[in-house]
Amino acid sequence: MLTTIRERAQGWIAWVIVILISVPFALWGINEYFDAEKKVVVAEINGNELISQDFQQQLQRQRNAIRQQFGGKIDNKIFESLAFKQRVLKKMLIQRLVAADIQKQNYQIGDQQLASFLRSNPSFQTNGSFSPELYAQAVRNNGLSPSAFESQIRMGNIVEQLRQGFTRSVISNDAELDDLLRLQQEKRNFRSVSLTGKSLIDKIDISEADIKQYYDSNKKRYMTPEEVRVEYITLSLADIAKQIQPDEEALRTYYQESKDRFVRPELRKVQHILLAISSDASDEEIKRIEKLASDLASQLQEGKDFAELAKKFSADKVSSEQGGDLGYIEKAVMDAAFDKKAFSMQKGEISGPVRSRFGIHIIKLNDIKPKTSKRFDEVRELISKEYALREASQRYGQMAEELKNIVYEQPTTLQPAADALGLKIVSTEWFSRAGGQGIVKKRPFIDSAFTEDVLLEGLNSEVVETSQDTLVALRLLEHREPKQMLLAEVSDEIKGMLLKQRSKELLAKRVGELVKDLQSGKTTLTQIAETEVLQLANHKEVARSGNPSLSAVLVREVFRSPVSDEGKDNAAGSVELENGDYAIFSVTKVLPGNPKDVPVNIRDQIRFVITQRKGEDLFSDYEKGLYESADIVIYKDKL
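Straight run, no breaks: the sequence shown in the numbering used here ends on number 1514.
Okay, structure coming up:
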């Protein structure tokens, strides 16, 4: 329609159309344009607003995570569904409710706990030691300021501690554990026969009339797929970065601007023993801890093993397991009093008691790595890549905006955009909505090719992101409508399908009759095996986990089934197997598991799983309680 108007509207008629379109814009369109800059609220929670910008950012993060998980093979319609958006929104609202409750309860993560987490996090380590460079890179990758990133980590740690608090509050007694172990360790004896529909195919007659009748009733199933050929242009951050060749002066300037990143501060390898003092400790308790600290310091001066005392006395449970080892630390990471002492000691020295806001420390300095700076030539390759990526990112943003504008303003050709941005127009082979190879398997690309604007109007598609930092615009070259396939083309396919369908129906019916006879006592599995010429299999002491030679579906049904009376198969059952065959089985004996036979380490592992599951259930109930008691308003039209 838009193309027709553009081509046919001439002279005074065109002006009438313009006026008719302009009047509504004058009445409300301009207001909408200016109002677009206003804050859009998607939900309110206990009087606090959740704005669209935050919601859209979280939506995009969820989309990217799912695409990465499924390799991009996901239908974009899922992301646009109201159900998906509501799930993401509910998760955000729950996170905010938990955060608000944490603040209300005044839960906090101290600087030392935060530093300990950062030091022990493998994501921020190089060769087992904390790397300031990796930490700075993580901050940049998250698009946050250092303080915001730190706040995010603090909140994540508090939530995890809260979650673990629920888990630690769970009691898993031995009786409960033993009951579960009896079930898990249970074994069963059973007999079975397998029946296949292949033997029934010879008894089935599929006539030409049957084939034609099915074809006539299901013609829509036998259509060629709708197919298109398109041409497209791609704007990629990686491609732009490859084209950037920075000169020496630019790299040296970048090095000077980023020099602090390539300086490793002085690092000191320390151990400590922490004797914690709570904020409400009595004077008597403080004196007791001070005396213990003095005694420990004296023992260490006399040659006692530091690691041994740390494991026994230190309240820092993270480091005490490593004999009090904190690894290499830099200035301003630890508490100020701890920091001052640690960076004034000599290698091998053991301090006396040091008071901090956490309690009393005894510190041992094991090693010193002096401050070092990496020379330009040592980091030239890294700088070159970073510089190119930085410049490319700036260009990418500008070029992306220009691409969108040109593709929209000149909607009947990609050539102007290709010329302006130096992009190559590429043509695809024929492909359907199922996609193809290369870029044609990307769901955003496929969806764009089959939009109304592209197929019916002959316009350029919108610019879509097919993967991170890669934008594509396309337009139609050729279109094939679905076409009815001839009966002769699909006759063999229909015959095979009908044979399979009818043999399956006959097999299911026959199995049902046999099971009924078994349960009524008219026959036994032994007699069925003889009559039907089947192999009767006797399975002994089959565990719930099964074994490679048995169908998992069969084993699952066996453990759901009651036991037949001795010498009978009156509790027989049946199940369709993975390959379409059927198994008829009868459980002859149940061998309960003996919890005493389970090794202690396995018992501990299963107890841990029980506790974790119960803890997760409690935490979910806690989140559910917060959500249900909150005053929440959701504006679905804004999602």
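Just so you know, even glycine gets a beta-carbon here, dropped at the ideal spot from N, CA and C.
Minimum Cβ-Cβ distance from residue i to chain D less than 7 Å
i       : result
Asn1413 : In the displayed structure, chain D is absent; only one protein chain is listed.
Proximity to residue i [Cα-Cα], best of the options
i       : options                            : result
Ile1235 : His1147, Leu1330, Ser1366, Pro1245 : His1147
Leu1150 : Glu1159, Ala1185, Asp1135          : Ala1185
Phe1447 : Leu1493, Val1208, Val1068          : According to the sequence provided, residue 1447 is Ala. The question's Phe does not apply to it. Here the closest residue by C-alpha is Val1068.
Ala1526 : Leu934, Gln970, Arg971             : One cannot answer for residue 1526 here, as it falls past the ends of the chain, which runs 876 to 1514.
Val1119 : Lys1260, Gln1290, Leu964           : The question names Val, yet the displayed sequence has Ile at residue 1119. Comparing Cα positions, the closest option is Lys1260.
Val1033 : Glu1304, Pro1286, Asp986           : The question names Val, but residue 1033 is Ile in the sequence shown. Comparing Cα-Cα distances from Ile1033 to each of Glu1304, Pro1286, Asp986, the minimum goes to Asp986.
Lys966  : Lys1511, Asp1512, Tyr1502, Asp1506 : Tyr1502
Gly1311 : Glu1102, Val1390, Glu1141          : Glu1102
Arg1377 : Gly1223, Gly1297, Lys1078          : Lys1078
Leu993  : Glu1327, Tyr1010, Ile949, Tyr982   : Tyr1010
Glu1337 : Val1386, Arg1043, Val1315, Leu1289 : Leu1289
His1414 : Leu1389, Leu1361, Val1465, Lys1384 : Val1465
Gly1442 : Arg1482, Glu1416, Leu1393          : Leu1393
Ser1074 : Glu955, Arg936, Leu1382            : Leu1382
Ser1006 : Ile1281, Glu1141, Lys979           : Glu1141
Glu1106 : Glu1008, Ala1324, Asp1252          : Ala1324
Lys1471 : Glu1405, Glu1124, Ser1173, Gln1059 : Gln1059
Asp976  : Asp1512, Ile1481, Ile1028, Ser1504 : Ser1504
Gln1036 : Gly1490, Phe1233, Ile926, Arg1482  : Gly1490
Arg1308 : Leu1298, Gly1297, Ile1314, Asp1322 : Asp1322
Asp1210 : Tyr982, Gln988, Glu955             : Gln988
Gln1343 : Leu1334, Ala1275, Gln1012, Ser1020 : Ala1275
Leu1167 : Ser1153, Asp1155, Ser1189, Ser1154 : Ser1189
Gly1468 : Glu1416, Gln1480, Asp1496          : Glu1416
Val1347 : Glu1332, Phe1306, Met1360, Leu1298 : Leu1298
Val1282 : Ala1427, Phe1251, Gly1333          : Gly1333
Beta-carbon spacing of residue i, residue j below 7 Å
i       : j       : result
Val1462 : Val1438 : yes
Ile1204 : Arg1143 : yes
Ile1115 : Arg1270 : yes
Leu1374 : Ile953  : no
Phe1137 : Lys1246 : no
Leu1400 : Arg1066 : yes
Ile1237 : Leu1171 : yes
Ser1044 : Thr1486 : no
Asn1476 : Gly1396 : no
Val1301 : Pro1319 : no
Leu1112 : Leu1278 : no
Phe1024 : Val1014 : yes
Leu1514 : Lys1095 : no
Asp1506 : Asn921  : yes
Phe930  : Val917  : yes
Ile1243 : Leu1175 : no
Thr1326 : Val1315 : no
Thr1099 : Pro1291 : no
Asp1345 : Lys1317 : Residue identity differs from the one stated: residue 1345 is Thr in this sequence, not Asp. The answer is no: Cβ separation not under 7 Å.
Ile1081 : Lys1370 : yes
Paired residues, beta bridge with residue i - DSSP
i       : result
Tyr1457 : Leu1070, Glu1451
Phe1233 : Phe1233 is not bridged to any residue.
Ala1151 : Gly1234
Phe1005 : Gln1000
Ala1412 : Ser1067
Tyr1203 : Lys1144
Asn921  : The partner list for Asn921 (beta bridge, DSSP) is empty, contrary to what the question assumes.
Ile1164 : BP columns for Ile1164 are empty, so no partner.
Lys1239 : Gln1146, Ile1225
Thr1247 : Arg1139
Leu1466 : Lys1062
Ile926  : Val916
Closer than 6 Å: residue i CB and nearest the ligand SAM heavy atom
i       : result
Lys1370 : As far as ligands go, the structure on display features none, and thus does not contain the ligand SAM.
Taking three-plus beta-carbon pairs below 8 Å as touching, is the segment 1257 to 1270 in contact with the segment 1187 to 1204?
-> no
Quick one: complete beta strand (DSSP E) runs, 3+ long, within the segment 1076 to 1139?
-> 1102 to 1111
What are the uninterrupted segments assigned as alpha helix (DSSP H) that are 4 or more residues long and contained completely in the segment 1284 to 1359, given in chain order?
-> 1290 to 1296, 1318 to 1324, 1327 to 1330
When the Cβ atoms of the segment 1426 to 1433 are set against those of the segment 1456 to 1471, are three or more pairs found closer than 8 Å?
-> yes
Taking contact to mean at least 3 C-beta pairs separated by less than 8 Å, is the segment 1083 to 1094 in contact with the segment 1364 to 1378?
-> yes
What alpha helix (DSSP H) runs, 4 residues minimum, are completely inside the segment 1018 to 1065?
-> 1021 to 1043, 1049 to 1059
Please confirm if the segment 1129 to 1136 is in contact with the segment 1169 to 1181, defined as three or more CB-CB distances below 8 Å between the two stretches.
-> no
Taking the runs of the alpha helix (DSSP H) that are 4 residues or longer, which of them lie wholly in the segment 944 to 971?
-> 951 to 955
Are at least three pairs of beta-carbons, each pair with one atom in the segment 1038 to 1056 and one in the segment 1449 to 1457, less than 8 Å apart?
-> no
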